[in-house]
Amino acid sequence: MSDTPWSGDVVGLVEAFRAGERSPSEELEATLAAVDASDLNAVCHVDAEAARVAAAAADVSLPYGGVPLAVKELLAVDGWPASLGSLPLADEVFDADGISVERLKAAGAIAAVQTTSSEFGATNQTTAKIHGATRNPWNLRRTPGGSSGGSAAGVAGGLFALATASDGGGSIRIPAGFCGQIGLKSTFGRIPRGPGSILGNATAVEGTVSRSTRDAARYLDVTNGFDPRDPRGLPRVEGYEAGLGSCADEIRSLRVAVVPDLSCAVVGPETEELIVAAAEELIARCGMQRVEIDLRLPKIMGVWGATGGVGIRISLGDRWPECAPGLGGLERAGQRAADTGFTIDAMARAESRRAEFNSAMAVMFDQVDIVLAATNPSTAFGAEGHLPGTFEGRESNPGNNGALTAPSNIYGNPAIALPAGLASDGLPVSLQVLAPHFREDLLLDLALQWEREHPVELAP
63 MSDTPWSGDV VGLVEAFRAG ERSPSEELEA TLAAVDASDL NAVCHVDAEA ARVAAAAADV
123 SLPYGGVPLA VKELLAVDGW PASLGSLPLA DEVFDADGIS VERLKAAGAI AAVQTTSSEF
183 GATNQTTAKI HGATRNPWNL RRTPGGSSGG SAAGVAGGLF ALATASDGGG SIRIPAGFCG
243 QIGLKSTFGR IPRGPGSILG NATAVEGTVS RSTRDAARYL DVTNGFDPRD PRGLPRVEGY
303 EAGLGSCADE IRSLRVAVVP DLSCAVVGPE TEELIVAAAE ELIARCGMQR VEIDLRLPKI
363 MGVWGATGGV GIRISLGDRW PECAPGLGGL ERAGQRAADT GFTIDAMARA ESRRAEFNSA
423 MAVMFDQVDI VLAATNPSTA FGAEGHLPGT FEGRESNPGN NGALTAPSNI YGNPAIALPA
483 GLASDGLPVS LQVLAPHFRE DLLLDLALQW EREHPVELAP
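Written out as structure tokens, the structure reads:
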């Protein structure tokens with residue numbers, strides 16, 4: 063019996079269960095012990111007894127048979143806390159499983175722990191009044207990113223191999239990047255949300271932070287496909303894991319642009335250098351054709367932030383404005399600004415800006431098939447305190463922290479974060495690969511090619 067959690071990927075863990083090398087109950091106990099001993103503050107709720115019952119009855123023939131599952135606190139698990147990372151909602155409880163959680167459980171996963179998020183998933187620093195700061199396993203003084211920071215920290219820190227995440231502006235890719243893991247943001251609607259999910263500004267998707275490409279593919283296989291409770295969902299696609307490697311011939315004909323800053327962000331000089339080197343290596347390995355383009359994406363972070371605040375207001379409901387003292391500073395300021403500034407005229411302007419931005423993204427993908435960029439403008443910043451506005455000496459503003467990832471949320475196309483080595487501060491750097499709508503298969507095959515020479519590493 064191993065007293066430490068599985069350090070490999072989820073697919074390998076299931077294979078170990080089937081071979082009798084480990085048991086679901088042993089793995090669960092190792093996970094619970096590791097969570098209890100951890101100083102990452104990645105977990106905010108533990109459902110040990112129910113998980114033990116499920117582990118004892120696990121069917122290891124299923125895709126996730128017996129695997130302990132960590133669920134981000136923004137995703138619903140029946141009977142678990144529904145605070146959404148916000149102190150004013152501390153007493154709320156989910157009354158049903160979300161669609162993804164339903165499908166994960168049906169595939170054999172055992173819901174065991176809930177992971178921390180930034181408040182309402184609003185920022186890329188996982189800290190909130192209700193839970194405190196979550197720590198990056200590569201350096202405890204740094205943030206794991208957000209909003210899926212608890213999931214990324216736990217996967218990279220060796221607490222658990224399977225964790226849910228969500229991404230409305232980069233919240234899968236940013237923490238995957240800061241923690242040196244793989245983070246796939248699928249096409250909007252690929253994985254259904256709900257029941258009862260707020261459609262809001264139509265940017266958010268659900269997914270996972272993973273230790274391997276095949277883990278990302280299996281997650282898509284289990285969770286994708288239309289559900290009538292999410293009217294914007296896409297039809298089911300079969301065979302992501304089985305089809306890994308099937309795009310090899312197509313990849314050699316792809317046109318690819320290398321734009322580290324996506325023309326709409328500021329990237330630190332060391333990060334930029336490492337991203338260009340990684341991009342050139344990936345292009346050479348895959349035989350893709352590099353194309354130079356004059357990319358000029360409109361700045362969009364103001365629109366993204368304003369429209370995203372609608373979902374927060376719906377969650378707060380009648381608690382606002384009396385709940386204001388319990389909110390974090392950014393969330394409180396955003397809601398107060400919305401009281402006076404978010405008029406129908408402002409909404410109309412925001413939608414016009416979004417349409418303009420989407421047109422620019424469409425032009426980009428008419429010129430090239432793949433875009434390679436940075437995932438984050440620098441390595442991970444502090445676990446506590448204000449969001450930075452300076453990136454390796456280059457000046458910008460705090461909104462720049464999500465400016466590289468939000469474009470794919472606004473437009474709805476898939477993108478993936480891949481580990482691209484370590485910077486001089488010893489922290490992970492992440493390469494972001496953007497593809498047109500519905501081409502998760504291309505992203506997974508590119509990730510597989512990259513992983514063969516650059517396997518995912520856990521934090522030391």
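If you read the sequence shown in the working numbering, its first letter stands for residue 63, the second for the next number, and so on.
Think of the CB as a built atom: it goes at the ideal place given N, C-alpha and C, for glycine as much as any other residue.
| query | CB-CB under 6 Å to G464, same chain, minus the five flanking residues each way: which ones, in chain order? | reply | Locating residue 464 in the sequence shown gives position 402, where the first residue counts as 1. Here the set comprises N186, G231, G232.
| What number of angstroms, rounded off, separates the C-alpha of G141 from the C-alpha of E135? | Numbered from its first residue, the sequence shown carries residue 141 at position 79. Numbered from its first residue, the sequence shown carries residue 135 at position 73. Whole-angstrom Cα-Cα distance: 12 Å.
| request: Consult DSSP for T405 and reduce its assignment to one of helix, strand or coil. | output: In the sequence shown, the residue the question calls residue 405 occupies position 343. Coil at T405, not helix or strand.
| query | Roughly how many angstroms separate the alpha carbons of T188 and N201, rounded to a whole number? | reply | Translated into positions along the sequence shown, residue 188 becomes position 126. Translated into positions along the sequence shown, residue 201 becomes position 139. In a straight line, the C-alpha of T188 is about 14 Å away from that of N201.
| In or out: H448 buried (at least 16 other Cβ within 10 Å) or exposed? | Counting from one through the sequence shown, the residue named residue 448 turns up at place 386. So H448 counts as exposed.
| query | Ends of the beta strand (DSSP E) at T270? | reply | The sequence position of residue 270 within the sequence shown is 208, counting from 1. Per DSSP, T270 belongs to the beta strand (DSSP E) from 267 to 272.
| Between L166 and T285, what straight-line distance do the alpha-carbon atoms span, to the nearest angstrom? | Within the sequence shown, the letter at position 104 stands for residue 166. Within the sequence shown, the letter at position 223 stands for residue 285. Rounded to the nearest angstrom, the two C-alpha atoms are 7 Å apart.
| request: Please go through the same chain and pick out, in chain order, the residues whose beta-carbon is closer than 8 Å to the beta-carbon of L261, but skip the five residues on each side of it. | output: As a working mapping, residue 261 is identified with position 199 in the sequence shown. The predicted model places L261 with a pLDDT of 49, which falls under 50 and marks its position as unreliable; any figure quoted below should be read in that light. Correct list, in chain order: R294.
| request: State the Cα-Cα distance for the pair D65 and A96, rounded to the nearest angstrom. | output: Residue 65 sits at position 3 when you count from the first residue of the sequence shown. Residue 96 sits at position 34 when you count from the first residue of the sequence shown. Rounded to the nearest angstrom, the two C-alpha atoms are 9 Å apart.
| request: Within 10 angstroms of the Cβ of R255, are there 16 or more other Cβ atoms? Answer buried if so, exposed if not. | output: On the sequence shown, position 193 is the one that residue 255 refers to. Result: buried.
| query | Can you tell me whether DSSP reads A482 as helix, strand or coil? | reply | Start at 1 with the first residue of the sequence shown, and residue 482 comes out as number 420. Correct three-state label for A482: strand.
| field | DSSP three-state assignment for F453, whether helix, strand or coil | value | Within the sequence shown, numbered from 1, the residue matching residue 453 stands at position 391. For F453, the three-state secondary structure derived from DSSP is strand.
| Where I406 and E413 are concerned, what is the direct C-alpha to C-alpha distance, given to the nearest angstrom? | Taking the first residue of the sequence shown as position 1, residue 406 is located at position 344. Taking the first residue of the sequence shown as position 1, residue 413 is located at position 351. Taking the straight line joining both Cα atoms gives about 11 Å.
| Cβ separation of R276 and D71, assumed to be a contact under 8 Å, to the nearest whole Å | Here residue 276 is taken as the residue at index 214 of the sequence shown, counted from 1. Here residue 71 is taken as the residue at index 9 of the sequence shown, counted from 1. Sure, about 7 Å apart at Cβ, within 8 Å.
| field | N-terminal and C-terminal residue of the beta strand (DSSP E) that S228 is part of | value | For this step, residue 228 is matched to residue 166 along the sequence shown. 224 to 229 is the span of the beta strand (DSSP E), which, as asked, contains S228.
| task | Measure from the alpha carbon of Q351 to the alpha carbon of each residue in L296, E342, R358, L359, then state which is nearest. | result | Your numbering for residue 351 matches position 289 in the sequence shown. Per the Cα distances, E342.
| task | Spell out a yes or no on whether the stretch 416 to 430 and the stretch 299 to 314 are touching, meaning 3 or more CB-CB pairs, one atom from each, closer than 8 Å. | result | At 8 Å Cβ cutoff, the stretches do not touch.
| task | Using the DSSP secondary-structure output, state which residues sit across from P143 in a beta bridge. | result | Working through the sequence shown from its first residue, we reach residue 143 at position 81. Its beta-bridge partners are V155.
| message | Can you give me the C-alpha to C-alpha distance between D121 and R411, rounded to a whole angstrom? | response | In the sequence shown, residue 121 corresponds to position 59, counting from 1. In the sequence shown, residue 411 corresponds to position 349, counting from 1. Cα-Cα distance, rounded: 53 Å.
| said: For D319 and G251, what's the separation of their Cα atoms in angstroms? | reply: Here residue 319 corresponds to residue number 257 of the sequence shown, with the count starting at 1. Here residue 251 corresponds to residue number 189 of the sequence shown, with the count starting at 1. Contrary to the premise, residue 319 reads as Ala rather than Asp in this sequence. Looking at the two C-alpha atoms, the distance is approximately 26 Å.
| task | Report the partner residues of I244 according to the DSSP bridge assignment. | result | To locate residue 244, count along the sequence shown from 1; it is residue 182. DSSP, once it has assigned bridges, lists S272 as partnering I244.
| field | C-alpha gap between D401 and S486, whole angstroms | value | Translated into positions along the sequence shown, residue 401 becomes position 339. Translated into positions along the sequence shown, residue 486 becomes position 424. Across the structure, D401 and S486 are spaced so that their CA atoms are roughly 44 Å apart.
| field | A264 (DSSP reduced to helix, strand or coil) | value | The residue given as residue 264 occupies position 202 in the sequence shown. In this structure, A264 counts as coil in the three-state DSSP scheme.
| Going along the chain, which residues of its own chain have a beta-carbon closer than 8 Å to the beta-carbon of D289, five neighbours each way excluded? | Along the sequence shown, read from residue 1 onward, the residue named residue 289 stands at position 227. Around D289: I161, P254, G256, G295.
| field | Pick from W512, T467, P206 that is closest to A435, judged by C-alpha positions | value | Working through the sequence shown from its first residue, we reach residue 435 at position 373. The option with the nearest alpha carbon to A435 is T467.
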